[in-house]
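Enquirer: In numbering that gives the first Met the number 0, the protein residues as written are 0 to 78. Note that beta-carbon positions come from the ideal geometry of N, C-alpha and C, so glycine has one too.
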Amino acid sequence: MKQNYRGIRRLRRDGNCFYRAFGFAYIEYLLNGKLIKEAGRFKKKCDECKDTLIANGYTQFTVEDFHEQVDDYELSFIS
């Protein structure tokens with residue numbers, strides 16, 4: 000497997016692991032392709048969705064925890 004993959008990312012097993020993995024893979028795809036403008040658009044959309052998710056009954060801690068992880072990861076690449 001070492002020959003085919005660079006590494007592994009461990010995720011919290013909370014039922015949202017697919018969405019978390021997809022989100023991070025999408026961000027990496029944007030950043031590796033130097034699609035900084037699209038990455039900025041995605042970050043803005045994530046910021047807008049946070050309050051909407053909470054207003055629609057999602058657990059505030061879960062939403063904010065995920066948003067914080069995404070925001071920290073994105074901010075390391077997007078200025």
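Would DSSP call asparagine 15 helix, strand or coil?
Expert: DSSP places asparagine 15 in coil when its eight states are reduced to three.
Enquirer: Counting C-beta neighbours from all protein chains within 10 Å, is the total for lysine 54 16 or more, i.e. buried, or is it exposed?
Expert: A small correction: the amino acid at residue 54 is alanine; lysine does not occupy that position in the sequence shown. Counting C-beta atoms within 10 angstroms of its own C-beta, alanine 54 has fewer than 16 neighbours from the protein chains shown and is therefore classed as exposed.
Enquirer: Measure the C-alpha to C-alpha separation of glycine 32 and phenylalanine 65 and round it to an integer number of angstroms.
Expert: Answer to the nearest angstrom: the Cα atoms are 24 Å apart.
Enquirer: If we ignore side chains and look at the alpha-carbon of each, how far apart do phenylalanine 41 and lysine 1 end up?
Expert: 31 Å
Enquirer: Could you please give the first and the last residue of the uninterrupted alpha helix (DSSP H) stretch that includes glycine 32?
Expert: Glycine 32 -> no alpha helix (DSSP H), and no H or E assigned at all.
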